[in-house]
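Residue 59 is where the sequence shown starts when you use my numbering, and the numbers rise one by one after that. We treat Cβ as the ideally placed atom computed from N, Cα and C, and that holds for glycine. In what follows, a structure is listed as structure tokens, so that the remarks can point back to it.
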Amino acid sequence: MFPDPIQTVPENRVVAVNGQSPKRQRKYVLYWMIAQRRLDHNFGLQYAAKLAKQWNRPLVVFEPLRVRYRWASDRLHRFVIEGMRDNQAKAEELGLAYYPYVEERPGNGSPLLHRLAQDACAVVTDEYPCFFLPHLIRAVQDRIPAALLTVDSNGVLPLRATDERTFTVAHSYRRFMQKNIAAELTAFPMTNPIKELLPPGLGEGLTEHIDPKTLRRWPVTDLTQLLRQDGLARIPIDHTVTPTPETPGGTEEAKRRLDLFVAKHLGLYNDDRNHPDEVVTTGLSPHLHFGHISPHEMVKRLLQRDDWSIDRLSKPNGKNHGFFGVSPEVDAVLDQLLTWREIGFNWAFQNPDTYDRLESLPDWAQKSLAETKDDPRPHVYTLEDFEHAQTHDPIWNAAQRQIVQTGVMHNYMRMLWGKKIFHWTATAQDALDIMVHLNNKYGLDGRDPNSYCGILWVLGRTDRAWGPKRPVFGSVRYMTSDSARRKLRLEKYLQRYA
Numbered sequence: 059m060f061p062d063p064i065q066t067v068p069e070n071r072v073v074a075v076n077g078q079s080p081k082r083q084r085k086y087v088l089y090w091m092i093a094q095r096r097l098d099h100n101f102g103l104q105y106a107a108k109l110a111k112q113w114n115r116p117l118v119v120f121e122p123l124r125v126r127y128r129w130a131s132d133r134l135h136r137f138v139i140e141g142m143r144d145n146q147a148k149a150e151e152l153g154l155a156y157y158p159y160v161e162e163r164p165g166n167g168s169p170l171l172h173r174l175a176q177d178a179c180a181v182v183t184d185e186y187p188c189f190f191l192p193h194l195i196r197a198v199q200d201r202i203p204a205a206l207l208t209v210d211s212n213g214v215l216p217l218r219a220t221d222e223r224t225f226t227v228a229h230s231y232r233r234f235m236q237k238n239i240a241a242e243l244t245a246f247p248m249t250n251p252i253k254e255l256l257p258p259g260l261g262e263g264l265t266e267h268i269d270p271k272t273l274r275r276w277p278v279t280d281l282t283q284l285l286r287q288d289g290l291a292r293i294p295i296d297h298t299v300t301p302t303p304e305t306p307g308g309t310e311e312a313k314r315r316l317d318l319f320v321a322k323h324l325g326l327y328n329d330d331r332n333h334p335d336e337v338v339t340t341g342l343s344p345h346l347h348f349g350h351i352s353p354h355e356m357v358k359r360l361l362q363r364d365d366w367s368i369d370r371l372s373k374p375n376g377k378n379h380g381f382f383g384v385s386p387e388v389d390a391v392l393d394q395l396l397t398w399r400e401i402g403f404n405w406a407f408q409n410p411d412t413y414d415r416l417e418s419l420p421d422w423a424q425k426s427l428a429e430t431k432d433d434p435r436p437h438v439y440t441l442e443d444f445e446h447a448q449t450h451d452p453i454w455n456a457a458q459r460q461i462v463q464t465g466v467m468h469n470y471m472r473m474l475w476g477k478k479i480f481h482w483t484a485t486a487q488d489a490l491d492i493m494v495h496l497n498n499k500y501g502l503d504g505r506d507p508n509s510y511c512g513i514l515w516v517l518g519r520t521d522r523a524w525g526p527k528r529p530v531f532g533s534v535r536y537m538t539s540d541s542a543r544r545k546l547r548l549e550k551y552l553q554r555y556a
């Protein structure tokens, strides 16, 4: 039986970032939702609701979407807004004061947080160690007139669980995780913190809590209008990167995908996940990135599927199987979630200035790149060649077309995609810049600690030196399309993305 969720958010997930004291006499507690964009299994929302209950004040959930972020496009905007639509519907069902605001011009919404904070006992928001969000927190923390607290709901292991340690290989992180996971598996967030924590009346009535002048200047966004065809046309973002009907956003879609995966695909995952012709993965990396689903909820569902209890844990061994005492397919998914996903968050959190740079590579990889920097490349393509899938390799071109068309890329194909970009560019820095740009522009799961770590894996991060040394790659792991063609089922994939 899975343990009951806890009411008290663990202390190592909460940080007071600006030193101001809460002012309990003010109107409401404000939850500023910027990364964990959901109303369930969310430590940040749970902490804000707990404060509202403790201080007998209403809770207001403010979910904004700004214009000024790099790679802003119709694709990314629509995915987020689909999640806001689900949150709005759920908030109405729960009687929760929910304030969605989509900025229509750069800077239009900048004063809004300050205005809302003037009436807030405290502002609770999401801690997220990547992209522009850490800069956003630093920019506002000393300016807003309220106590600001960040809450870490990123992973099953808290960001601070590793103290100041960075893990350079998956085996060492996995072993650390196995040594520390038991306590975290008994400290999951509440399924529905609003329903379980807030008494009636502490969440209702947005217009009763927000100054009418504020609502007139910054009206609640009509999400239905923005989700219509051409609804985003007036917003100055990249309209050439279009939405992908195959990958809609939102909590409801995320839960549907999780249900489908557990019911139909999980049993095939261990054997078939690397074959592009077989669609047996969760398809949830975009929803994890935008916070439309919690890794806690996914882990809980997987363990419940095997009727798991905590006494089935084995001694830590650093291996990717056998520790949890579950079926091989559940072991395989848990390793993706708890090792490979969370080692990326460890990297971004512990190395905020270098997680996306070549300097973050291990010494052996940097030495190898230096030794092969002048090696002749078999092909040298430009960013435009790569972006338009105009290489000589039909397998690589198919992978690029997949992410352009659908916003996602098959995991094995993404590894090959990155390796060949490195093989076909003049320098490792060129390769890194191109991978980051294409992944962040087209990928719904880009701009994420996990995807940055995957891109740097191409160049040696969280990997080991391989032999024999090869031209261009040196000691960095080598991958080829010919090998993929021999090992993988690719016929349907190549037809679809021809």
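Residue i, DSSP secondary structure in three states
i: Ser168; result: helix
i: Leu215; result: coil
i: Asp443; result: helix
i: Gly518; result: coil
i: Arg314; result: helix
i: Gly532; result: strand
i: Val466; result: coil
i: Ala523; result: coil
i: Val227; result: strand
i: Ala178; result: strand
i: Pro270; result: helix
i: Asp288; result: coil
i: Met356; result: helix
i: Tyr555; result: coil
i: Val391; result: helix
i: Phe234; result: helix
i: Ile202; result: coil
i: Val494; result: helix
i: Asp194; result: According to the sequence displayed, residue 194 carries Leu and not Asp. Helix.
i: Gln65; result: coil
i: Ile453; result: helix
i: Val557; result: Nothing can be reported for residue 557: it is not among the residues displayed for the chain, which extend from 59 to 556.
Which residues DSSP lists as bridging residue i, in chain order
i: Phe120; result: Trp90 and Tyr157
i: Asp184; result: Val209
i: Val138; result: Per DSSP, none; premise fails for Val138.
i: Ala74; result: Leu207
i: Ser131; result: Asp296
Exposure of residue i, with buried meaning 16 or more beta-carbon neighbours within 10 Å
i: His481; result: buried
i: Glu121; result: buried
i: Leu273; result: exposed
i: Asp200; result: exposed
i: Lys271; result: exposed
i: Val462; result: buried
i: Pro247; result: buried
i: Pro158; result: buried
i: Leu318; result: exposed
i: Gly77; result: exposed
i: Glu69; result: exposed
i: Ser343; result: buried
i: Ser352; result: buried
i: His135; result: buried
i: Glu400; result: buried
i: Gly380; result: exposed
i: Arg315; result: buried
i: Pro169; result: exposed
i: Arg95; result: buried
i: Lys237; result: exposed
i: His437; result: exposed
i: Asp389; result: buried
i: Lys499; result: buried
Distance between beta carbons of residue j and residue i, contact taken as under 8 Å
i: Phe348; j: Asn212; result: Incorrect: roughly 12 Å between the Cβ atoms, too far for contact.
i: Arg522; j: Val227; result: 7 Å
i: Tyr536; j: Asp335; result: Not quite, the Cβ-Cβ distance comes to about 24 Å (not below 8 Å), so this is no contact.
i: Leu103; j: Ala149; result: The Cβ separation is near 11 Å, so there is no contact.
i: Val494; j: Asp414; result: 7 Å
i: Thr224; j: Gln424; result: Not a contact, Cβ separation roughly 15 Å.
i: Gly532; j: Ser418; result: Not quite, the Cβ-Cβ distance comes to about 18 Å (not below 8 Å), so this is no contact.
i: Asp132; j: Thr300; result: 6 Å
i: Leu361; j: Val391; result: The pair is not a contact, with the Cβ atoms about 10 Å apart (cut-off 8 Å).
i: Arg232; j: Gly376; result: 5 Å
i: Val138; j: Leu123; result: 5 Å
Residue i at chain B interface by Cβ criterion, 7 Å
i: Arg124; result: Absent from the structure: chain B. Only one protein chain is present.
Flag this pair as touching only if the segment 464 to 484 and the segment 438 to 450 have three or more C-beta atom pairs under 8 Å; answer yes or no. Yes, the segment 464 to 484 is in contact with the segment 438 to 450.
Is the segment 107 to 119 in contact with the segment 82 to 93, if contact means three or more CB pairs nearer than 8 Å? Taking a cut-off of 8 Å for Cβ pairs, the segment 107 to 119 and the segment 82 to 93 touch, as three or more such pairs fall below it.
Quick check: the segment 301 to 316 against the segment 142 to 150, are at least 3 beta-carbon pairs closer than 8 Å? A contact between stretches requires three or more CB pairs, one per stretch, nearer than 8 Å, and the segment 142 to 150 meets this requirement with the segment 301 to 316.
Check whether the segment 288 to 300 and the segment 162 to 179 are in contact - that is, three or more C-beta pairs closer than 8 Å. Judged by Cβ distances under 8 Å, the segment 288 to 300 makes contact with the segment 162 to 179, as three or more pairs qualify.
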